[in-house]
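Heads up: the structure comes next, in structure tokens.
Protein chains: 2
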Amino acid sequence: MELFLLSNGKISGDSALLSYAKDALQEMIARRQITSAVLVPYAIIRGNYDERAKELEQSLGIKVSSLHHAGNPAEAIGHAQCILVSGGNTWMLNQMLHEQGLIVPIKRVVRERNIPYVGWSAGCNVATPSIRTTNDMPIRNSVVLPSLGLFPVQINPHYIDAQLSGHMGETRDERIAEFCAINPSESVIAIREGSYLHVCDGQLSYFSAKGEGFKIFRHARATQECQDTKALAGLVPFECL
Amino acid sequence: MELFLLSNGKISGDSALLSYAKDALQEMIARRQITSAVLVPYAIIRGNYDERAKELEQSLGIKVSSLHHAGNPAEAIGHAQCILVSGGNTWMLNQMLHEQGLIVPIKRVVRERNIPYVGWSAGCNVATPSIRTTNDMPIRNSVVLPSLGLFPVQINPHYIDAQLSGHMGETRDERIAEFCAINPSESVIAIREGSYLHVCDGQLSYFSAKGEGFKIFRHARATQECQDTKALAGLVPFECL
Chain A
964 MELFLLSNGK ISGDSALLSY AKDALQEMIA RRQITSAVLV PYAIIRGNYD ERAKELEQSL
1024 GIKVSSLHHA GNPAEAIGHA QCILVSGGNT WMLNQMLHEQ GLIVPIKRVV RERNIPYVGW
1084 SAGCNVATPS IRTTNDMPIR NSVVLPSLGL FPVQINPHYI DAQLSGHMGE TRDERIAEFC
1144 AINPSESVIA IREGSYLHVC DGQLSYFSAK GEGFKIFRHA RATQECQDTK ALAGLVPFEC
1204 L
Chain B
964 MELFLLSNGK ISGDSALLSY AKDALQEMIA RRQITSAVLV PYAIIRGNYD ERAKELEQSL
1024 GIKVSSLHHA GNPAEAIGHA QCILVSGGNT WMLNQMLHEQ GLIVPIKRVV RERNIPYVGW
1084 SAGCNVATPS IRTTNDMPIR NSVVLPSLGL FPVQINPHYI DAQLSGHMGE TRDERIAEFC
1144 AINPSESVIA IREGSYLHVC DGQLSYFSAK GEGFKIFRHA RATQECQDTK ALAGLVPFEC
1204 L
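Quick note, the sequences are listed as chains A and B, same order. Add 963 to a position in the first sequence, counting from 1, and you land on the number used in my numbering. Add 963 to a position in the second sequence, counting from 1, and you land on the number used in my numbering.
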């Protein structure tokens, strides 16, 4: 199984999509001789699916077709060489994956046929067991929480320690600590902007464009700041990857 | 019907709970000769229900009993002189209101028996038709979106325009715009820290401790910055209040 679980799409307003992960993605594209990818675009609300696909073509140098053009989306997933799952609204994305009957097809091609999965922001959230650690607003009237579960631990993307001056809402740390209080047997891996986890052949590695670490949140334990994935050994059952 | 819909509990780390609304709350307490209130504490995750009740007693100068001590919570709501709904996690609060069978009892005493409802942050969210405009993390495995609907329009509490440097997640404006894109017939009133909406006898007023305005978000229309509730006339069916 190969997963790229990225915190975010663009590292700054004018950077290219996935630029900070470009070297690793190009290595994968060359290693696997990938010539095309399917984009799962459903998280995008106020943007254009086809424009996002074009941006990715330019960024990755391969053909990218958005799944909304497919007459049979599940079949298109079955024929994909690579699956790209865009950020946007996590609730919308997860609901569409369920409504379009894509949960099982994506799990199958990624797990059983070793097709790589590249997801950023919302696309990273839906790769975990559920979307309970999303930062997004639940804008849909109907909601489903269970998600793809390709990666066995909840991830919080776009993780940030800072708090805006004068803002009295919960900090991100408090929100994640609340998650751990309500779900004491689970843990949360919080990844900062410009960073990603890479699962490949049962190995888990971590990269940050800014040289920053990630955090692990667990109930009744101090939050742990980590620089590499050794700290995840007891947390992530590598045999599942 | 009388509602206090407050953006937040504390205006700074060391201020007293609800301090910025104290004058208006004291006016209501005197006008209605209120001697006690019931606290709905379920949004609090990593705090103590009884300590929150004590804080409110000190702040408001009336007896406050937390609903978790009541053998029959619905009955306790039925006998309340005033209902205080604390902030915390909106998902947890809304789920508990449903699980404890409190949705109908609260609606009844507030609408039919004119018992005042004071809700801040999560307690403000659940007073609207649904919790689709919460900022909180959906930490519960099960979720319910419909809420009390005492106020007919979605509110986004803790509203803030600013964005932390380097953070590439969606801005609050983008999240609310996504809500409006998916729910084009609805609108969202965004209230900043230290501000509240007050519904009393079919009148709707607005107060901000910092003299700031609120915002109205609607689909396919420019976001409107407002200083008073005149702008809400076409949006809020006052006859429902």
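Backbone N, C-alpha and C fix where the C-beta goes; we use that ideal spot for every residue, glycine too.
Under the 10 Å beta carbon count, B:Asp1191 is surrounded by fewer than 16 other beta carbons and is classified as exposed. Relative to A:Gly1050, the option among A:Leu966, A:Tyr1122 and A:Lys973 whose CA is nearest is A:Lys973.
Per DSSP, A:Pro1120 is one residue of the beta strand (DSSP E) stretching across Gln1117 to Tyr1122. Straight-line spacing of the CA atoms in B:Gly1082 and B:Leu966 works out to 8 Å.
Look at B:Gln989 here: in three-state DSSP terms it is helix. When C-beta atoms of the segment 1097-1104 of chain A are compared with those of the segment 1097-1116 of chain B, three or more pairs fall below 8 Å, so the two segments count as touching. Within the segment 1112-1129 of chain B, those residues whose Cβ lies closer than 9 Å to any Cβ of chain A are, in chain order, Asn1119, Pro1120, His1121, Ile1123, Ala1125, Gln1126, Leu1127, Ser1128 and Gly1129. Pairing A:Val1073 with A:Leu1113 gives a Cβ-Cβ distance under 8 Å. Contact annotation: in the segment 1049-1065 of chain A, residues whose CB is within less than 9 Å of a CB in chain B are Gly1050, Gly1051, Asn1052, Trp1054 and Met1055. Contact note: B:Lys973 reaches chain A through Met1131, using a C-beta cutoff of 7 Å and chain order.
Rounded to the nearest whole angstrom, the CA to CA distance from B:Pro1200 to B:Pro1115 is 8 Å.
By the Cβ rule, the segment 1172-1183 of chain B does not count as touching the segment 1005-1018 of chain B, because fewer than three pairs are nearer than 8 Å. Flagged as an interface residue toward chain B: A:Ile1145, by a C-beta distance shorter than 8 Å.
A:Glu965 is bridged by DSSP to A:Cys1163. In this model, B:Thr998 and B:Asp1013 are separated by some 18 Å (Cα to Cα). For B:Glu1075, the secondary structure class from DSSP, reduced to helix, strand or coil, is coil. Interface residue (Cβ-Cβ distance to chain A less than 8 Å): B:Phe1180 is not classified as such. Of the residues assessed, A:Asn1077 falls on the exposed side of the cut-off, its CB having fewer than 16 other CB atoms within 10 angstroms. B:Phe1142 carries a helical assignment under DSSP once its states are collapsed to helix, strand and coil.
For B:Arg1015, the uninterrupted alpha helix (DSSP H) run begins and ends at Tyr1012 to Leu1023, by DSSP. B:Thr1053 sits buried, since 16 or more C-beta atoms from the chains shown fall within 10 Å of its C-beta. Within 7 Å of the CB of B:Ala1183, no CB atom of chain A is found; the nearest one sits about 11 Å away.
Contact annotation: in the segment 998-1021 of chain B, residues whose CB is within less than 7 Å of a CB in chain A are Ile1008 and Arg1009. Below the 8 Å Cβ cutoff, chain A contributes no neighbours of B:Glu1175, its closest Cβ being approximately 10 Å away.
For B:Ala1085, no beta strand (DSSP E) run applies; the uninterrupted alpha helix (DSSP H) run containing it begins and ends at Ala1085 to Asn1088, by DSSP. For A:Glu1149, there is no enclosing alpha helix (DSSP H), as DSSP gives it neither H nor E.
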